[in-house]
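With my numbering applied, the sequence shown corresponds to residues 8 to 318, in that order.
This report refers to the structure that appears directly beneath it.
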Amino acid sequence: MITVYNTEEGRLREREEITPGAWVDLCAPTEEEILRVSTQLELDPAAIRAALDEEERSRIEAEDDYLLVLVDTPCVEEQSKRGFVYTTLPFGIILTQDNIITVCLKESALARAFTDSPVKNFSTRKKNRMTLQMLYRNATLFLFYLRELEKASNRVENELHVSMRNKELIQMLGLEKSLVYFSTSLKGNELVLEKLLRMDFVKNFPDDTDLLEDVIIENKQAIEMANIYRDILNGTMNTFSSVMSNNLNTVMKVLASLTVVLTIPTIIFGLWGANVPVPFERTPGAFWILIGVAVICTAASVFFMIHKKWL
């Protein structure tokens, strides 16, 4: 899908045609749309297709007629009974002589952040500054989703305190997977930002340099937060794994002790039930004597195991 925007009097407006100074947003474009935009803007179609590959790494590609800034952006992959599943997708920002083009395989929260609400000092004609504003918003989106992951982790942890089911453990595994995606993507984005800082992209504009430095700071903060949350989650999962193993050992110990306790009366009654001469066979009340002996032996074994903390 192709959507064209232009800023007029500080407001973002949607347009039908691509004009100089316009922002062209491509969301899951078809091959026909890719060729149309690349032909009209005299752009290499490969630059657009790069952002449509889920496995594409973050990078900067500078050519004579365009600059491609490819970063990873966070997104919610699906919503199910298990909750939100967070992942990342490549987000391409292409700067040509007259236009800025954004490309993503799916509808992204990053693009919506600019189309759904006004952004201060935002203009589609200021391509460099718009790029930095998008990179800054991308870093803040990572921070936002990281806080959401922390809330989800705390919720699942509270559920695990009550009931240790496979459902909660699978949710914890999904959260850990999301944190790995975020951490890897943020480190890739960091390399892109540092390379931008060394380029002529912002050197001649002090305000843009300050903004890029702010982006780098936000990105570093997101990296540190992702690492902290991942360490906490790993520790939590290891702790609950140890608790589950300890609970299983306790159950097995109790079952083994009960087996030993129940074996004592079984042996006694088995011996006196054999078809051979046995003590007390002609004694009146022998049955009750055996019952008493079995009860005493069983009680003694139970007391011994409790004393040894086996029960």
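Just so you know, even glycine gets a beta-carbon here, dropped at the ideal spot from N, CA and C.
With distances taken between CA atoms, Ile25 lies nearest to Val11 out of Ala35, Glu38 and Val11. Between Leu204 and Thr122, the C-beta gap is not smaller than 8 Å, which leaves the two residues out of contact.
Taking every protein chain shown into account, the CB of Ala146 has 16 or more other CB atoms within 10 angstroms, so this residue is buried. For Ile67, the enclosing beta strand (DSSP E) starts and ends at Arg66 to Ala69. If you ignore the 5 residues before and after Val209, its C-beta comes within less than 6 Å of the C-beta of Asp215, Thr216 and Leu219, all in its own chain and listed in chain order. By the beta-carbon neighbour count (other beta carbons within 10 angstroms, threshold 16), Val267 is exposed. For Pro213, the number of other beta carbons within 10 angstroms of its own is below 16, and it is reported as exposed. Nearest neighbour of Ala116 by Cα position, chosen from Leu142, Asn106 and Asn128, turns out to be Leu142. Looking at the backbone, the Cα of Asn135 and that of Ile223 are separated by about 16 Å.
Collapsing the DSSP output to three states places Ile177 in a helix. Counting only runs of 4 or more residues that sit fully inside the stretch 189–242, the alpha helix (DSSP H) segments are 207–210, in chain order. For the pair Ala58 and Val110, the CB atoms are nearer than the 8 Å cut-off. The closest CA to that of Glu61, considering only Arg144, Gly280 and Tyr188, is found on Tyr188. The continuous stretches of alpha helix (DSSP H) do not include Thr37, and DSSP gives it neither H nor E. Around the beta carbon of Ile313, a 10 Å sphere encloses fewer than 16 other beta carbons of the protein chains shown; the residue is thus reported as exposed. Non-local C-beta neighbours of Ser130 in its own chain, meaning closer than 6 Å and more than five positions away in sequence, comprise Thr14, ordered along the chain. In the DSSP assignment, Arg18 forms a beta bridge with Glu15.
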